[in-house]
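A.B. asks:
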Amino acid sequence: MTQIAHWTGALPVLSTETVFQPEDNPYTTVIADVTHRCNMACNNCYLPNRTPPDMDAEWLRDILLRLPRRAHVRLVGAEPTVRKDLPELIAMVRDAGHLPILLTNGLKIADRDYLRTLMEAGLRTCYLSFSGGFDDDLYEAIDNQRCADKKAAALDNLIAERAYVSLGTILMRGVNESVVEAVARRIRGERQVREYHLRSVGPMGRYVPEERPYRFEEMLELARRSFGEVTGMREEETSTCMHGKVGRLKVQITQWPDLGSGERGRICPDGTIQPWFEHQIANDGGY
0 MTQIAHWTGA LPVLSTETVF QPEDNPYTTV IADVTHRCNM ACNNCYLPNR TPPDMDAEWL
60 RDILLRLPRR AHVRLVGAEP TVRKDLPELI AMVRDAGHLP ILLTNGLKIA DRDYLRTLME
120 AGLRTCYLSF SGGFDDDLYE AIDNQRCADK KAAALDNLIA ERAYVSLGTI LMRGVNESVV
180 EAVARRIRGE RQVREYHLRS VGPMGRYVPE ERPYRFEEML ELARRSFGEV TGMREEETST
240 CMHGKVGRLK VQITQWPDLG SGERGRICPD GTIQPWFEHQ IANDGGY
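In numbering that gives the first Met the number 0, the protein residues as written are 0 to 286.
(1) Since Pro79 and Thr103 are thought to touch, with beta carbons under 8 Å apart, how far apart are those beta carbons, to the nearest angstrom?
(2) Does the distance from the C-beta atom of Gly131 to that of Ala147 stay below 8 Å?
(3) Could you say if the stretch 80-100 and the stretch 135-147 meet the contact criterion of at least three C-beta pairs nearer than 8 Å?
(4) Kindly confirm or deny that the stretch 12-20 and the stretch 238-258 touch, where touching means at least three C-beta pairs closer than 8 Å.
(5) Which value, in whole angstroms, describes the spacing of the CA atoms of Arg214 and Leu170?
(6) I need the DSSP call for Val182, collapsed to helix, strand or coil.
(7) With a 10 Å radius around its C-beta and 16 neighbouring C-beta atoms as the bar for buried, classify Ala4 as buried or exposed.
(8) Which of the three DSSP states is assigned to Pro25 in this structure?
(9) Taking only the alpha-carbon atoms, compute the straight-line gap between Glu160 and Asp61 and give it to the nearest angstrom.
(10) Going by the CB atoms, is the gap between Met203 and Tyr45 shorter than 8 Å?
(11) Whole-angstrom Cβ separation of Arg263 and Thr28, contact assumed at under 8 Å?
(12) Can you give me the Cβ contacts of Thr271 inside the same chain, cut-off strictly under 7 Å, excluding the 5 residues immediately before and after it?
(13) One question on the structure: do Leu88 and Val33 come within less than 8 Å of each other, judged by their Cβ atoms?
(14) For Leu127, which residues does DSSP report across the bridge?
(15) Using a 10 Å radius around the Cβ and a threshold of 16 neighbouring Cβ atoms, would you call Gly188 buried or exposed?
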């Protein structure tokens, strides 16, 4: 097994109170922070530290092979598409018997040939951050980059390649509420867009402080105004993350802090698996 220091260096990493060995993993979704590098500089970023080197691929393979049952493996960053070996990582997750999920800002998958390479490696599910919708001014304000065309192209490509698509919007009060309606208009009737996630700004990593971050009830009302009635709302073991549906579309609404979930664990530098956001908060600004 590759030594942890091979990829974490001297960066101190703190543990949470809940720690599992890979063989005892209870989580249905496992988070792999495959890189801390990024090709954007968003104002709201859970993982802004660019110091740690990339996660070692063989080390990750060893962890995945030790998991006791099939899991959804989220390949996340910063931005996982900056890794040249991302197709190999996706194939590795498949070969280990798990389901790869890509979380991306979408800039690189605006190139359909590149996306096709990922799909051929075994990618089927992609979460695309979409906080500015189709508006360059919003992306400039939120993410410091005018990238609406690339975001739209990424969405078009995912639909064309018949991926399972999840879109996510971080809501900033008085800034990007219009995105919800724009997304609703675009994805209405699109069978490949299966999920839409609305989140309030989380006070973690790099973020824009808000006096009144969006509350759950307010986000639900925005969703209802744009999509119609959201039915079957249920808690994800916490009172701050709820799931519902609009027809076939799954709607998830999250009010920070999103702690206590029994569904998501993070692969940590010591080779253990710990609660995802609890571990990120414990290491805020670090790993």
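C-beta: ideal position from N, C-alpha, C; glycine also.
C.D. replies: Let me spell this out:
(1) 6 Å
(2) yes
(3) no
(4) no
(5) When rounded, the separation of the alpha-carbon atoms in Arg214 and Leu170 is 10 Å.
(6) Helix, per DSSP.
(7) Low per-residue confidence applies at Ala4: pLDDT is 28, beneath 50, and the placement is therefore not dependable enough to give any value.
(8) coil
(9) 31 Å
(10) yes
(11) 5 Å
(12) Val18, Phe19 and Gln20
(13) yes
(14) Thr103 and Leu166
(15) exposed
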